[in-house]
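Listed in order, the protein sequences are those of chains A and B.
Be aware that the first sequence starts at 1, since it is given in my numbering, and climbs by one per residue.
Be aware that the second sequence starts at 1001, since it is given in my numbering, and climbs by one per residue.
A quick write-up on the structure given underneath.
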Amino acid sequence: MDVAVTEEDVLPKSPMPTSERSQARRETIKLLLRRPSFLVGVAILFGWVVTAILGERITPYDPFNDFSPGHLAPSLEHLMGTDRLGRDVLSRVMVGSRDVLIIAPLAALLGVAAGTLLGLIMGYYHGVVDDVLSRLVEAFLALPVILVALLTLVVLGTSPIVVIAVVGILFTPIVARTVRSAVLSERQLDYVTAAKLRGESGPFILSREIFPNVLGPTVVELTVRFGYAIFTVATLSFLGVGIQPPSADWGLTVSQEYNNMISGVWWPTLFPALAIASIVVAVNLIADSLQSVLDE
Amino acid sequence: MARFIGRRLLLALVTLWLLATIVFVIANVLPNDIGRTILGPFAPQESVDALNEKLGTNRPILVQYVDSMIGIVTLDYGDSYVTGRPVLPQLFEAIGRSAKLAGLALLITIPLAIVAGLFAARRRDKPADRAIVLLGVTSSSIPEFVTGTILVVVIGVHFGLLPVLATPPADSDILTQIRYLLMPATAMAIVYFGYIARMTRAGTIDVLQSDYARTATMKGLTTSQMMRHHVLRNALIPTVAVIAVQIGYLFGGIIAVEKIFNYNGMGQTMLFAAQQKDIPMLTAGAIVIGIVYMLATLASDMTIAWMNPRIRLDAER
Chain A
1 MDVAVTEEDV LPKSPMPTSE RSQARRETIK LLLRRPSFLV GVAILFGWVV
51 TAILGERITP YDPFNDFSPG HLAPSLEHLM GTDRLGRDVL SRVMVGSRDV
101 LIIAPLAALL GVAAGTLLGL IMGYYHGVVD DVLSRLVEAF LALPVILVAL
151 LTLVVLGTSP IVVIAVVGIL FTPIVARTVR SAVLSERQLD YVTAAKLRGE
201 SGPFILSREI FPNVLGPTVV ELTVRFGYAI FTVATLSFLG VGIQPPSADW
251 GLTVSQEYNN MISGVWWPTL FPALAIASIV VAVNLIADSL QSVLDE
Chain B
1001 MARFIGRRLL LALVTLWLLA TIVFVIANVL PNDIGRTILG PFAPQESVDA
1051 LNEKLGTNRP ILVQYVDSMI GIVTLDYGDS YVTGRPVLPQ LFEAIGRSAK
1101 LAGLALLITI PLAIVAGLFA ARRRDKPADR AIVLLGVTSS SIPEFVTGTI
1151 LVVVIGVHFG LLPVLATPPA DSDILTQIRY LLMPATAMAI VYFGYIARMT
1201 RAGTIDVLQS DYARTATMKG LTTSQMMRHH VLRNALIPTV AVIAVQIGYL
1251 FGGIIAVEKI FNYNGMGQTM LFAAQQKDIP MLTAGAIVIG IVYMLATLAS
1301 DMTIAWMNPR IRLDAER
């Protein structure tokens, strides 16, 4: 009797069929929607995205070209007052998330993509590769992020691309370490051994077998890094090496106006500062909910 | 224990070498025309060449690399482009002032965060626990300069309770100094509260679920006896680790805080160096803070090894 080898037998089998995986995803979303902190986070973030996109169409004044008298206190006409050049603070706060909402996600994405690749390689190949890369990761982790970003931006000159690259690269080792430890526990499981026995190549096992199973920690890491990217870019803008004028960016605005706090002009500083706080808290609420749901 | 320390020190040296190399690459290899960076795009080429000659930045890159690696070991971190004097003494003075600020921040945040973490862990999933977790997420995600500005507006300007600038008058006593440093230290403490509290909570929950904790409860120990004799020592291991990591980050966040409160520490020195394109000062700052971070993690590893013999013996094998 000859043994018929159908295509089905040869095709690689993921440990979890696609339909089951999408069902699990639906389950995760259902659990997330039951968490108030997740909903609050999404609502705040969504609000800032909407104001950034609609911008001038919904702001009470032109955020860039409408110059009233400077430093007017908040009133019914200017709900958050005016800044040192007489621009409406509320209008500028509404469009102030534009740059950071482009730069921070890209930086987070770069860091997570590079870090995931590095972590997969370190975790799977183990041995010498892992030892060497681990040392390098350790050295990167010892670097003070803000200070090294400052140094790089001074040397290269600041531009959005450089900010994205610097923040992304500084995040890479942190992500790599997380993914590596996830891969280390996966690689001992039966499905990886089975794939090896089938004679699959390392890159195939990594991308088609292990990667889908460490997707959970990777997604969590992406949202966590997004929060940190906003934190870091805002701080860099405040230090004068991040987003540059004439942007209405919140961190930049705080750096331009904070000197006036002492003389009692608090509104051009406080409102952008509160806006930064709201957006980073929102992203972290989302990240935290995602983490607890995926842990369960 | 000696073998454990020796091994760790050796690894730390390798990390230090890699770290110094990364910083060197950032500072030198990327654009490789320091003279142009300092003098700006409109300076004539002769001036750029002359400046590069004086700074030694026109030498082959490998020579510069070896030179700077020897400098790391012999504690010669180069001369400032601005003052022409060695950067290290100036840097150490500034770090000393920053350490006061950072120390006060840690002094405020560590006890509060540990108490909050233990409290939350023992009331797991009850409203008090949820509130502390939420507070932790919120506090650790807001940048220091944001909390700093909010504190200045509310406590400094509106209520006038504390000075809005952090530099105390010369020769002031310790209490006055603390009064001046209290607001910036609080801005930093708030960020670290979240990390430490969440770590303590997670570590404690882990231990409370262990078999030996259950045994302790079943043999009739009171909760406080069990916490003191069986839980704390193991529960605080992740806390010790996270505190060490935070000491490194502390010096990153301090830059923005010192700017807000106009405090002349490491952060202001680094910002000034950035404005003046004083690259030796910036690289020295990055390396020295890197060393501080490594020493902190080393100290935490030793503390952890001392707290938990299993880790110590495992590492010696």
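Virtual Cβ for every residue (Gly too), placed ideally from N, Cα, C.
What does residue i touch in chain A if you count any residue whose Cβ is under 8 Å from its own?
{"i": "Ser1080/B", "result": "None at all; the shortest Cβ gap to chain A is about 14 Å."}
{"i": "Ser1141/B", "result": "Gly227, Phe231, Val280, Val281, Val283 and Asn284"}
{"i": "Met1270/B", "result": "Leu147 and Leu150"}
{"i": "Ile992/B", "result": "No statement about residue 992/B is possible, as the shown extent of chain B runs from 1001 to 1317 and does not include it."}
Measuring CA to CA, which of the options is closest to residue i?
{"i": "Lys1054/B", "options": "Ala1020/B, Leu1151/B, Val1073/B and Asp1079/B", "result": "Asp1079/B"}
{"i": "Ser1224/B", "options": "Leu1208/B, Pro1127/B and Ala1185/B", "result": "Leu1208/B"}
{"i": "Val1152/B", "options": "Leu31/A, Ile262/A and Ser289/A", "result": "Ile262/A"}
{"i": "Ala1299/B", "options": "Ile1237/B, Thr1283/B, Ile1260/B and Val1154/B", "result": "Ile1237/B"}
{"i": "Leu1271/B", "options": "Arg34/A, Thr235/A and Pro268/A", "result": "Thr235/A"}
{"i": "Gly127/A", "options": "Glu200/A, Pro63/A, Arg180/A and Gly240/A", "result": "Arg180/A"}
{"i": "Phe1251/B", "options": "Tyr258/A, Ala275/A and Pro144/A", "result": "Pro144/A"}
{"i": "Gly1248/B", "options": "Gly1103/B, Gly1071/B, Gly1056/B and Thr1176/B", "result": "Gly1103/B"}
{"i": "Ile1196/B", "options": "Leu1009/B, Arg1007/B, Val1242/B and Leu1134/B", "result": "Val1242/B"}
{"i": "Pro74/A", "options": "Arg21/A, Ala275/A, Phe271/A and Ile276/A", "result": "Phe271/A"}
{"i": "Ala113/A", "options": "Val167/A, Pro63/A, Pro160/A and Phe67/A", "result": "Val167/A"}
{"i": "Gln1246/B", "options": "Gly1290/B, His1230/B and Tyr1192/B", "result": "Tyr1192/B"}
{"i": "Leu120/A", "options": "Thr158/A, Ser207/A and Ser68/A", "result": "Ser207/A"}
{"i": "Leu85/A", "options": "Glu77/A, Phe67/A and Gly157/A", "result": "Phe67/A"}
Does any residue of chain B bring its CB to less than 7 Å from the CB of residue i?
{"i": "Asp62/A", "result": "no"}
{"i": "Lys13/A", "result": "Its pLDDT being 49, under 50, Lys13/A is placed unreliably in this model, and the coordinates cannot settle the point."}
{"i": "Leu151/A", "result": "yes"}
{"i": "Trp267/A", "result": "no"}
{"i": "Glu221/A", "result": "no"}
{"i": "Pro105/A", "result": "no"}
{"i": "Phe238/A", "result": "yes"}
Kindly indicate if chain A contains any beta-carbon less than 7 Å away from that of residue i.
{"i": "Lys1126/B", "result": "no"}
{"i": "Tyr1293/B", "result": "yes"}
{"i": "Gly1252/B", "result": "yes"}
{"i": "Thr1057/B", "result": "no"}
{"i": "Thr1015/B", "result": "yes"}
{"i": "Lys1054/B", "result": "no"}
{"i": "Val1164/B", "result": "yes"}
{"i": "Lys1219/B", "result": "no"}
{"i": "Ala1274/B", "result": "yes"}
{"i": "Gly1290/B", "result": "yes"}
{"i": "Lys1100/B", "result": "no"}
{"i": "Leu1298/B", "result": "no"}
For residue i, which residues from the same chain have a beta carbon less than 7 Å from its beta carbon, with the 5 sequence-adjacent residues on both sides left out?
{"i": "Ile1205/B", "result": "Ala1121 and Arg1124"}
{"i": "Thr6/A", "result": "Any reading at Thr6/A must be qualified, since the residue scores a pLDDT of 47, below 50, and its modelled position is unreliable; no value is offered."}
Since residue i and residue j should fall inside the 8 Å C-beta cutoff, what is the C-beta to C-beta distance between them, to a whole number of angstroms?
{"i": "Met1199/B", "j": "Ala1213/B", "result": "18 Å between Cβ atoms; not a contact."}
{"i": "Val155/A", "j": "Leu170/A", "result": "Not confirmed; about 14 Å, so no contact."}
{"i": "Gly41/A", "j": "Ile286/A", "result": "4 Å"}
{"i": "Phe211/A", "j": "Val283/A", "result": "Incorrect: roughly 24 Å between the Cβ atoms, too far for contact."}
{"i": "Val280/A", "j": "Ser1141/B", "result": "5 Å"}
{"i": "Ala1296/B", "j": "Leu1282/B", "result": "Contact doesn't hold; Cβ gap of about 21 Å is too wide."}
{"i": "Gly1194/B", "j": "Val1137/B", "result": "6 Å"}
{"i": "Leu151/A", "j": "Ala1286/B", "result": "6 Å"}
{"i": "Ile1155/B", "j": "Leu1162/B", "result": "6 Å"}
{"i": "Leu153/A", "j": "Val241/A", "result": "4 Å"}
{"i": "Val1240/B", "j": "Thr1167/B", "result": "Going by Cβ atoms, the distance from Val1240/B to Thr1167/B rounds to 33 Å, so no, they are not a contact pair."}
{"i": "Asn1052/B", "j": "Gly1035/B", "result": "4 Å"}
Using a C-beta to C-beta distance shorter than 7 Å, which residues of chain B count as neighbours of residue i?
{"i": "Tyr258/A", "result": "Thr1149 and Ile1260"}
{"i": "Thr235/A", "result": "Pro1143, Phe1145 and Ala1256"}
Which residues in chain B have a C-beta closer than 9 Å to the C-beta of residue i? List them in chain order.
{"i": "Ile161/A", "result": "Within 9 Å Cβ-Cβ: nothing; Ile161/A doesn't reach chain B, min ~14 Å."}
{"i": "Ile262/A", "result": "Val1152, Gly1156, Val1157, Val1164 and Leu1165"}
{"i": "Arg92/A", "result": "The premise fails here: Arg92/A is roughly 16 Å from chain B at the closest Cβ pair, so nothing lies under 9 Å."}
Among residues of its own chain, excluding the 5 on either side of residue i, which ones have a beta-carbon nearer than 8 Å to its beta-carbon?
{"i": "Val1257/B", "result": "Leu1101, Glu1144, Phe1145, Gly1148, Pro1184, Ala1187, Met1188, Tyr1263 and Gly1267"}
{"i": "Gly1260/B", "result": "Sequence check: residue 1260/B is Ile here, not Gly. Phe1145, Gly1148, Thr1149, Val1152, Pro1184 and Ala1187."}
{"i": "Lys196/A", "result": "Ile205"}
Here's a check: name, in chain order, each residue in its chain whose Cβ is nearer than 6 Å to the Cβ of residue i, leaving out the five neighbours to either side.
{"i": "Met94/A", "result": "Thr51 and Thr59"}
{"i": "Ser37/A", "result": "Leu285 and Ser289"}
{"i": "Ala1116/B", "result": "Ile1132 and Ala1197"}
Closer than 8 Å by beta-carbon distance: list the chain B residues that pair up with residue i, in chain order.
{"i": "Gly81/A", "result": "Under the 8 Å cutoff, chain B gives no residues; its nearest Cβ is about 13 Å from Gly81/A."}
{"i": "Leu270/A", "result": "Thr1149, Ile1150 and Val1153"}
Find the residues of chain A that neighbour residue i, judging by a C-beta separation of less than 7 Å, and give them in chain order.
{"i": "Val954/B", "result": "Nothing about residue 954/B can be read from this structure; chain B reaches only from 1001 to 1317."}
{"i": "Gly1285/B", "result": "Leu147"}
{"i": "Thr1037/B", "result": "Val155"}
{"i": "Ala1027/B", "result": "Leu151 and Val155"}
Give the residues of chain C in contact with residue i, contact being defined as C-beta atoms less than 9 Å apart.
{"i": "Val1048/B", "result": "The question asks about chain C, but that chain is absent: this structure's protein chains are A and B."}
Just to make sure I have the definition right: I need the residues of chain A whose C-beta is within less than 9 Å of the C-beta of residue i. Which are they?
{"i": "Leu1019/B", "result": "Glu138, Ala139, Phe140, Ala142 and Leu143"}
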